[in-house]
Amino acid sequence: MTIILDPTASLVHDLAEPGPDAGVLRGKKIAIRIDMLWRSWDWVSEIWAEGLRTEGAEVTFWRSCGRTGREGEQAERDYGALLAQSDMAIVGLGNCGSCTSWTIADALTAAAAGIPTIAVATAHFEGLAHNLAKRGGRSGLRFHILPYPLDILPKEQVHDIARNHYRSFLRNFGVRSRLAEQSAA
Numbered sequence: 083m084t085i086i087l088d089p090t091a092s093l094v095h096d097l098a099e100p101g102p103d104a105g106v107l108r109g110k111k112i113a114i115r116i117d118m119l120w121r122s123w124d125w126v127s128e129i130w131a132e133g134l135r136t137e138g139a140e141v142t143f144w145r146s147c148g149r150t151g152r153e154g155e156q157a158e159r160d161y162g163a164l165l166a167q168s169d170m171a172i173v174g175l176g177n178c179g180s181c182t183s184w185t186i187a188d189a190l191t192a193a194a195a196g197i198p199t200i201a202v203a204t205a206h207f208e209g210l211a212h213n214l215a216k217r218g219g220r221s222g223l224r225f226h227i228l229p230y231p232l233d234i235l236p237k238e239q240v241h242d243i244a245r246n247h248y249r250s251f252l253r254n255f256g257v258r259s260r261l262a263e264q265s266a267a
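For the sequence shown, this note's numbering begins at 83 and goes up steadily by one.
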């Protein structure tokens, strides 16, 4: 008789729900977490910020860098202070192993603060991002996935991708607006 054991474990405390929807954007304060590596994420987030502002939201950017030692401790305090003043968080970009790890860590921190949160990664790192979220106890974390490769593309092409993804990003985030509810053209 052969017994096959399933070596995978699931966390007892896993949150499989995505957390609160973003809802209506007018009057909301939105934190967009960017990083020091991916200019393409700067370009995507600037296009999305324009759209969010058009919907009546106030957008604040926070650039993640210096994550170890005293500099890391200060960054953690600064990020926590930003989240305390924000109604929702957009966190990116998962586009390599390390940056995907930090993106998910920061998204989990935002989600744990109880605010609507979405993590953004590229298609090549989608699996890693989902696995890290599950390992962090929140398999239901919201995601928006952008194409890969993204960073080698010219700015104008990345802007086009950002515009083409904006409505689906809003839907993934749980935004309630006429634009989010429109089907893709």
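Note that CB positions come from ideal geometry on N, CA and C, so glycine has one too.
Since this is a predicted model, take the numbers as computed values, not measurements.
Do you know offhand how far residue i's Cα is from residue j's?
i: R141; j: S180; result: Reading the sequence as shown, one finds Val at residue 141 and not Arg. If you take the alpha carbons of V141 and S180, they lie about 26 Å apart.
i: E99; j: D233; result: 31 Å
i: E155; j: L97; result: 27 Å
i: A201; j: G218; result: 13 Å
i: A139; j: L210; result: 31 Å
i: Q264; j: L134; result: 16 Å
i: L107; j: C178; result: 30 Å
i: E238; j: R152; result: 38 Å
i: T84; j: C147; result: 51 Å
i: W241; j: I86; result: Note on residue identity: the sequence assigns His, not Trp, to residue 241. So the alpha carbons of these two residues sit roughly 50 Å apart.
i: G105; j: T150; result: 35 Å
i: P231; j: W123; result: 12 Å
i: A262; j: A157; result: 33 Å
i: D169; j: I114; result: 11 Å
i: P229; j: G162; result: 30 Å
i: P236; j: V173; result: 22 Å
i: D117; j: N246; result: 22 Å
i: S127; j: H95; result: 32 Å
i: R270; j: R253; result: As displayed, the chain neither begins before 83 nor continues past 267, which places residue 270 out of reach and without an answer.
i: L119; j: T185; result: 12 Å
i: E132; j: K110; result: 14 Å
i: W125; j: L164; result: 21 Å
DSSP on residue i, reduced to helix/strand/coil?
i: H95; result: coil
i: S146; result: strand
i: E140; result: strand
i: R152; result: helix
i: G133; result: helix
i: D103; result: coil
i: R108; result: coil
Pull up the CB-CB distance for residue i and residue j, whole angstroms please, since I reckon it's below 8 Å.
i: L190; j: R159; result: Their Cβ separation, rounded to whole angstroms, is 17 Å, which puts L190 and R159 out of contact at 8 Å.
i: A195; j: L175; result: That belief does not hold up - the Cβ atoms of A195 and L175 are roughly 20 Å apart, past 8 Å.
i: I129; j: A244; result: 4 Å
i: E137; j: S250; result: At roughly 15 Å, the Cβ-Cβ gap does not stay under 8 Å, so E137 and S250 are not in contact.
i: P198; j: F255; result: 7 Å
i: L223; j: A193; result: 6 Å
Report yes if the C-beta of residue i is less than 6 Å from at least one heavy atom of the ligand SAM; otherwise report no.
i: F255; result: The model depicted lacks the ligand SAM and carries no ligand whatsoever.
Unbroken stretches of the beta strand (DSSP E), 3 residues or longer, contained in the segment 157 to 215: 170 to 176 and 199 to 204
Run through the segment 212 to 261 for me and flag every whole alpha helix (DSSP H) of 4 or more residues, listed as ranges in chain order. 237 to 255
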